[in-house]
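Residues in the sequence shown are numbered from 1 upward in steps of one, following UniProt numbering.
From the three backbone atoms N, C-alpha and C, an ideal C-beta is built for every residue, glycine too.
What follows is one structure encoded as structure tokens, with my remarks underneath.
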Amino acid sequence: MQVVFMFLDRFIQYIKFEKRYSPHTVSAYQSDLDQFMRFIHEPDEPIAHPSEITHHQIRNWMVELMNEGLTSTSINRKVATLRKYFKFLLQEGEITVNPTSKIVVPKIPKHLPVVVEDARLTQMLNNDGIFTEDFKGTRDKLIIEMLFGTGMRLSELLGIKHTDINIYEGTVKVLGKRNKERIIPMNQELRNLLLKYNELKKNENFGNNSLTLIVTDKGANAYPKLIYLTVHKYLSHISTQNKKSPHVLRHTFATSLLNAGADLNAIKELLGHANLSATQIYTHNSVERLKTIYKLAHPKA
1 MQVVFMFLDR
11 FIQYIKFEKR
21 YSPHTVSAYQ
31 SDLDQFMRFI
41 HEPDEPIAHP
51 SEITHHQIRN
61 WMVELMNEGL
71 TSTSINRKVA
81 TLRKYFKFLL
91 QEGEITVNPT
101 SKIVVPKIPK
111 HLPVVVEDAR
121 LTQMLNNDGI
131 FTEDFKGTRD
141 KLIIEMLFGT
151 GMRLSELLGI
161 KHTDINIYEG
171 TVKVLGKRNK
181 ERIIPMNQEL
191 RNLLLKYNEL
201 KKNENFGNNS
211 LTLIVTDKGA
221 NAYPKLIYLT
231 VHKYLSHIST
241 QNKKSPHVLR
251 HTFATSLLNA
261 GADLNAIKEL
271 LGHANLSATQ
281 IYTHNSVERL
291 KTIYKLAHPK
301 A
């Protein structure tokens with residue numbers, strides 16, 4: 001089993017340093033692989049090499065995950081991790097057959113993206129009584145404004161440095177999935193907020209730790225849970241829905257653009273999607289909105 005974990009370590013180093021996956025993604029991959037290895041580990045018959053792993057073991061693991069109540073989305077993600085791992089071993093010449101090639105993943109039911117009303121969100125951001133004027137309050141507001149104003153992912157926000165922002169041109173450079181860079185425009189309110197935040201941040205004397213844009217109250221680099229809790233806290237002011245995550249603001253960004261008549265290809269580029277099919281899900285929200293308007297306004301609806 002020790003040899004098997006050696007290969008796991010090699011794979012983690014590969015995605016971390018060669019593929020340059022985000023720390024959050026690397027952690028998720030490692031967690032999935034550790035969980036799978038613990039499941040197939042038999043003290044009486046330990047696996048000495050990854051080539052001994054079979055598709056039957058993977059299927060048994062999937063059944064176990066289903067019995068534990070995991071969603072199809074979560075199971076698919078874990079299987080995708082295994083696919084990536086065994087593809088790496090195949091490329092390295094450590095195995096000759098990929099056991100995931102015979103795996104059929106469960107279908108994922110399609111759900112419409114969860115959004116909040118952009119008008120209520122804008123009203124909250126313009127409410128002087130919601131955010132304090134000190135560093136913490138300004139930072140919290142910047143987190144909401146950045147996610148809603150650019151549509152970037154949580155992991156992308158955590159990676160933004162001051163050098164990625166051009167205040168005068170009104171753009172921010174984002175490093176997205178597959179290390180693909182994209183430039184996103186920023187509105188004037190967001191630019192003004194950034195100037196205010198930068199000034200308050202300098203006054204905090206955080207030193208070298210302040211090279212990253214979003215930092216904690218003590219100047220350390222922000223972490224995913226801080227962003228999540230911040231978004232959840234402020235969305236609770238305007239929404240009663242269960243989901244109040246940073247991704248809700250990304251969905252709201254895309255849906256707002258589409259409702260305002262933005263081109264779907266332009267939204268795809270702003271979101272950093274690899275293909276248009278990932279962006280087309282937002283059209284369903286727009287269709288539902290049109291149906292509602294039709295029912296309310298048309299005399300024969």
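Bridge-paired residues (DSSP) for residue i
i             : result
threonine 171 : Asn166 and Pro185
valine 215    : Asn221
lysine 161    : Thr212
Within 8 angstroms, strictly: CB atoms of residue i and residue j
i                 : j              : result
threonine 252     : leucine 121    : yes
tyrosine 234      : methionine 124 : yes
phenylalanine 148 : leucine 89     : no
lysine 180        : glycine 272    : yes
leucine 158       : isoleucine 227 : yes
tyrosine 282      : alanine 254    : yes
leucine 264       : threonine 279  : yes
proline 109       : isoleucine 75  : no
leucine 112       : histidine 237  : no
proline 246       : leucine 190    : no
Inter-residue CB distance, residue i and residue j (contact presumed, cutoff 8 angstroms)
i              : j             : result
serine 210     : lysine 201    : 6 angstroms
glutamate 156  : leucine 175   : 7 angstroms
threonine 230  : aspartate 140 : 5 angstroms
isoleucine 103 : isoleucine 58 : 6 angstroms
threonine 163  : proline 185   : Actually they do not touch by this definition, with Cβ atoms about 18 angstroms apart.
isoleucine 167 : leucine 194   : 6 angstroms
aspartate 44   : lysine 136    : Not really, about 55 angstroms apart at Cβ, beyond 8 angstroms.
Residues near residue i by beta carbon distance below 8 angstroms, same chain, minus five either side
i               : result
phenylalanine 5 : Met37
Residue environment, residue i, which counts as buried when at least 16 other CB atoms sit within 10 Å
i                : result
glycine 151      : buried
glutamate 145    : buried
arginine 250     : buried
valine 116       : buried
arginine 10      : exposed
phenylalanine 17 : exposed
isoleucine 183   : exposed
alanine 222      : buried
aspartate 34     : exposed
Cβ neighbours of residue i in the same chain (closer than 6 angstroms, five flanking residues each side left out)
i             : result
threonine 100 : Leu82, Arg83 and Phe86
serine 51     : Ile95
isoleucine 12 : Gln30
Proximity test, residue i beta-carbon vs the ligand GDP heavy atom, cut-off 7 angstroms
i            : result
arginine 139 : Of the ligands one can find in the structure shown there are none, so the ligand GDP has no counterpart to examine.
Sequence-distant residues of the same chain with beta carbon closer than 7 angstroms to residue i, five excluded per side
i           : result
lysine 243  : Val114
arginine 20 : Asn179
leucine 270 : Gly151 and Ile184
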